[in-house]
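Step one of this worksheet: look at the structure below.
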Amino acid sequence: MFFSKNLRYIREEKYQVTQEALAENLGVSRSALSAYEDGRAEPRILLLIKIAQHFEVTIDELINVDFAQAEEEYVTRLEQLKNYIAAHNMKINRVRADNELSENYLELVPQKATAGYTQGFADPEYLETLPKYQIPFLHKGKTYRAFEIEGDSMLPLQSGAIVIGEKIPSWEDLQSGQLCVVVSKHEGIALKKVYKRLFERGKLLLKSQNLGYRPYEIDATNILELWGFVAHISQEFPCDPPDIEDIKYAFARLEYQLTQEKITQMGNLKPKADL
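As structure tokens, then:
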């Protein structure tokens with residue numbers, strides 16, 4: 063595990079803050095933070111979650127990814143990403159701004175059309191084949207599209223709900239933590255909270271509302287379109303948000319993961335031979 067090494071690295075190299083400043087932000091003593099960085103102590107699960115949230119990384123990354131070793135690779139990917147953004151920043155946002163039908167009409171992408179949409183999203187002829195609906199409350203001068211979502215990862219929205227998204231015109235217009243319909247080459251279409259890690263890692267972090275689903279990263283070069291959440295239409299009343307049992311389950315899953323990591327690490331330690 064790389065937790066202690068990563069904690070020191072991300073504090074010194076990435077955020078360039080003192081132990082005193084970080085300890086104050088986390089609500090711990092400087093000596094406790096020093097012990098975590100030296101590997102002499104380990105934080106409890108709630109503090110581990112707080113540290114991961116503070117640095118906008120996942121617990122899995124904080125424990126299992128050697129940030130320092132990966133830095134050179136990230137720098138290379140960053141240069142590639144900058145070149146990609148410069149060449150494709152407007153390309154991924156190329157849609158029909160001049161809707162020939164009406165400002166209040168928008169295309170609907172049903173669940174069954176997901177695979178076809180990722181191939182034909184920029185093809186006007188393909189878009190003409192999609193069903194169109196009139197929505198009266200949309201603002202003029204903006205581009206909207208509707209998507210039928212699948213699964214229960216974004217409770218309280220149920221599978222089959224229709225999500226209306228507004229086209230995000232560039233990477234700069236994406237707000238970290240924004241709820242978006244993400245259209246990607248390999249993962250298809252998903253409704254997620256999107257956190258920007260473009261210039262640190264060349265990726266986006268996607269999080270679900272349902273605590274039973276783990277966050278995951280996706281390469282920025284894998285993104286085809288982003289649509290910011292505007293509204294949803296559903297034939298079912300939204301279910302209740304996660305209750306205390308769901309939260310307990312999420313914590314239990316994290317604790318189990320950490321325990322398994324410790325067991326694996328201890329199993330890899332070999333006793334030293336007597337001199």
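Per my numbering, the sequence shown starts with residue 63, numbered consecutively. We treat Cβ as the ideally placed atom computed from N, Cα and C, and that holds for glycine.
Inter-residue spacing [alpha-carbon to alpha-carbon] between residue i and residue j
| i | j | result |
| --- | --- | --- |
| F65 | I125 | 5 angstroms |
| Q81 | L95 | 7 angstroms |
| D235 | T180 | 22 angstroms |
| V157 | F183 | With a pLDDT of only 45 at V157, under the threshold of 50, the placement of this residue in the model should not be trusted; the figure read from the coordinates follows. When rounded, the distance between both Cα atoms is 8 angstroms. |
| M152 | G89 | Residue placement at M152 cannot be trusted, given a pLDDT of 39 that sits under 50; the coordinates are not used to answer. |
| H248 | Q297 | 29 angstroms |
| E210 | N284 | 21 angstroms |
| S91 | K269 | 31 angstroms |
| G203 | E169 | 16 angstroms |
| D100 | L266 | 30 angstroms |
| V119 | P198 | 40 angstroms |
| E294 | L320 | Reading off the sequence, residue 294 comes out as His, not Glu. Taking the straight line joining both Cα atoms gives about 37 angstroms. |
| V127 | L316 | 17 angstroms |
| L27 | F313 | Outside the shown range of the chain, which is 63 to 337, sits residue 27, and nothing can be said about it. |
| Y77 | V244 | 29 angstroms |
| N155 | S93 | For N155, the pLDDT reaches just 43, beneath the cut-off of 50, and the residue's location in the model is therefore unreliable, although a value from the coordinates is still provided. Those two C-alpha atoms are separated by around 49 angstroms. |
| E187 | G222 | 26 angstroms |
| F117 | I72 | 8 angstroms |
| Q196 | V292 | 15 angstroms |
| I113 | I226 | 34 angstroms |
| I251 | V171 | 10 angstroms |
| R102 | G239 | 34 angstroms |
| Q237 | M63 | 32 angstroms |
| R106 | Y318 | 13 angstroms |
| Y29 | P277 | Beyond the ends of the chain as shown, which are 63 and 337, falls residue 29; an answer cannot be given. |
According to DSSP, residues forming a beta bridge with residue i
| i | result |
| --- | --- |
| H294 | V225 |
| V245 | I251, E287 |
| N112 | What sits at residue 112 in the sequence shown is Lys, not Asn. Answer is none; K112 lacks a bridge partner. |
| K265 | R259, D281 |
| R171 | Here residue 171 is Val; the residue named in the question, Arg, does not match the sequence. Per DSSP, F209. |
| Y318 | Paired residues: none, contrary to the question. |
| Q237 | None, per the DSSP bridge assignment. |
| Q271 | Paired residue(s): none; Q271 is not in a bridge. |
| Q196 | Y167 |
Integer-rounded CB distance, given that residue j should sit under 8 angstroms from residue i
| i | j | result |
| --- | --- | --- |
| S246 | L189 | 18 angstroms between Cβ atoms; not a contact. |
| L338 | A282 | This structure leaves residue 338 out entirely; the chain is present only between 63 and 337. |
Best match in the options for proximity to residue i [C-alpha to C-alpha]
| i | options | result |
| --- | --- | --- |
| K347 | Y318, I224, L217, Q297 | Outside the modelled stretch of the chain, which goes from 63 to 337, sits residue 347, for which no answer is possible. |
| S215 | G239, P172, Y275, K265 | Y275 |
| I104 | E75, K76, N68 | Note that residue 104 is Glu in the sequence shown here, rather than Ile. That would be N68, whose Cα lies nearest to the Cα of E104. |
| Y206 | E187, P231, A252, Y257 | P231 |
| W289 | A208, I197, T321 | A208 |
| E74 | A130, A252, I197 | A130 |
| H201 | E212, E228, E323 | E228 |
| L219 | E123, G239, N272, T191 | N272 |
| Q322 | D122, Q78, A97, S93 | D122 |
| G213 | D185, V292, Q173, F291 | Q173 |
| L217 | W233, Q237, Q196, L241 | L241 |
Cβ-based burial, residue i [other Cβ within 10 Å; buried from 16]
| i | result |
| --- | --- |
| L108 | exposed |
| A177 | exposed |
| I280 | buried |
| K258 | buried |
| R70 | buried |
| R263 | buried |
| D336 | Since pLDDT at D336 reaches only 47, below the 50 mark, its modelled position is unreliable, and the value read off the structure follows with that caveat. Flag for D336 reads exposed. |
| A85 | buried |
| Y98 | buried |
| A175 | buried |
| W233 | buried |
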